[in-house]
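Working notes, structure below.
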Amino acid sequence: MIETRLRIEPIQGCGALVKDVDLARLGDAEVGDLRQALFDHGLLVFREQSLTPEQHIALAERIAPIDVNRFFPAAPGYPVIAKVEKTAQQTTNIGGGWHTDHSYDAEPAMGSVLVARDLPPAGGDTLFADLYAAYDTLDAETKAEIAGLRAVHGSDHVFGEKGAYAQTDQPELAKGGVETPETVHPVVITHPGSGKSVLYVNPSFTLRFEGRTREESLPLLMKLYAHAIDQSRVSTLVWAPGTVAIWDNRCTWHFARNDYHGHYRLMHRITLAGCALEAA
Ligand code: OGA
Ligand code: MN
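For what it's worth, the working numbering labels the leading residue of the sequence shown as 5, then goes sequentially.
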């Protein structure tokens, strides 16, 4: 049987829409194409899917082994599915600042597969930024300034006992006793799937450049961050029932808008395992 290839339409700013595909019934060749498209575009959006949790897990496992997030509560009955939830009573959402998932790990997650389960009547969009483009469009001077640098990443200030979530009405995300050691990654990595150079620092988990204090690091970090979220390199995903997004954590950032207070929002996330990152 000849397997169909993917129909891909780039999204202005970041990512691509994949049309005419049923994620529960992909052929092997299509899974290979999907992985390559993910590495190339950073974000793939699929509409009108109807994945059961079992099909969500099966899809993730065909792309890469699952990396279970140690901070998020699991969906009931599905220990490998993280619940990304905000109730009508809560004011803090999850992922409401620019970040990429798991950069605090020595082998950061390669990607995430997010399925919309329960959406507010309006709002709750997710923004995505293209970090390939961010690197490519840096001026030569800045590229020279960051060449060879490494940066320290951590999670305790976000998920630790005294971290940011502990002060909010999502305190169950703050995990005492599972503090993680800081980890170091090159500031410019070679993407393991595409071979392209990527800017690999992010506002949520990058603490400082190796060998410099946070204060010494902040001016350059802030300059890189402001460049990365230029509107020309950002897209907005407006979720609808049945929308599935798969993103590559090495070459994109994302930001969950928190503009739907008083309404419930539930997403199911499966995180895909990655590898140690090499300097470009
Ligand atoms: C995540 C995340 C964004 C959202 O699942 O990693 O940041 O829009 N979610 O829910
Ligand atoms: Mn996230």
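Glycine included, C-beta positions come from ideal geometry on N, C-alpha and C.
Cα-Cα separation, residue i to residue j
i, j, result
"T172", "T95", "8 Å"
"D140", "R216", "25 Å"
"P223", "A64", "38 Å"
"K147", "S107", "21 Å"
"K1", "S208", "In this structure the chain extends from 5 to 284, so residue 1 is not present and cannot be described."
"D32", "V25", "13 Å"
"W243", "G127", "9 Å"
"M226", "R218", "11 Å"
"P112", "G101", "18 Å"
"R212", "S221", "5 Å"
"N97", "Q174", "8 Å"
"H103", "T56", "27 Å"
"H157", "T247", "31 Å"
"G199", "R121", "34 Å"
"F163", "K87", "15 Å"
"D143", "L228", "11 Å"
"I6", "K23", "Here I6 scores only 47 on pLDDT, less than 50, and its place in the model should not be relied on; the value that follows carries that caveat. Cα to Cα, I6 sits roughly 18 Å from K23."
"A155", "P124", "37 Å"
"H161", "T210", "10 Å"
"R11", "D37", "10 Å"
"G152", "Y264", "42 Å"
For residue i, three-class secondary structure by DSSP
i, result
"H272", "strand"
"K227", "helix"
"S107", "coil"
"M5", "Here the model assigns M5 a pLDDT of 44, short of 50, so the residue's position is not dependable, and the following value carries that caveat. Of the three classes helix, strand and coil, the one that applies to M5 here is coil, per DSSP."
"V25", "coil"
"I61", "helix"
"I193", "strand"
"L47", "strand"
"A20", "strand"
"I150", "helix"
"H265", "coil"
"V119", "strand"
"A33", "helix"
"D252", "strand"
"R39", "helix"
"F259", "strand"
"A284", "coil"
"F213", "strand"
"Y155", "Checking the sequence, you will find Ala at residue 155 rather than Tyr. Note: A155 maps to strand in three-state DSSP."
"D143", "coil"
Beta-ladder partner(s) of residue i, from DSSP
i, result
"P69", "Paired residue(s): none; P69 is not in a bridge."
"E89", "L270"
"E13", "L21"
"V238", "A133"
"Y82", "A79"
"L203", "V192"
"R74", "Looking at the DSSP assignment, R74 forms no beta bridge with any residue, so it has no partner."
"E187", "Per the sequence shown, residue 187 should be read as Thr rather than Glu. Note: T187 sits in a beta bridge opposite H157."
8 Å contact criterion, which residue i and residue j should meet: CB distance rounded
i, j, result
"F50", "L27", "6 Å"
"L131", "V205", "That belief does not hold up - the Cβ atoms of L131 and V205 are roughly 18 Å apart, past 8 Å."
"N253", "M114", "6 Å"
"K90", "R269", "5 Å"
"G19", "G46", "6 Å"
"A284", "I193", "6 Å"
"F259", "L177", "In fact, because the Cβ distance is near 17 Å, the residues do not count as touching under 8 Å."
"A230", "A133", "In fact, because the Cβ distance is near 11 Å, the residues do not count as touching under 8 Å."
"C279", "V202", "C279 to V202, Cβ: 14 Å. No contact."
Beta-carbon spacing of residue i, residue j below 8 Å
i, j, result
"I85", "A79", "yes"
"L276", "A68", "yes"
"L21", "E13", "yes"
"W257", "L135", "yes"
"V188", "I150", "no"
"H60", "V119", "yes"
"L241", "D129", "yes"
"G266", "A110", "no"
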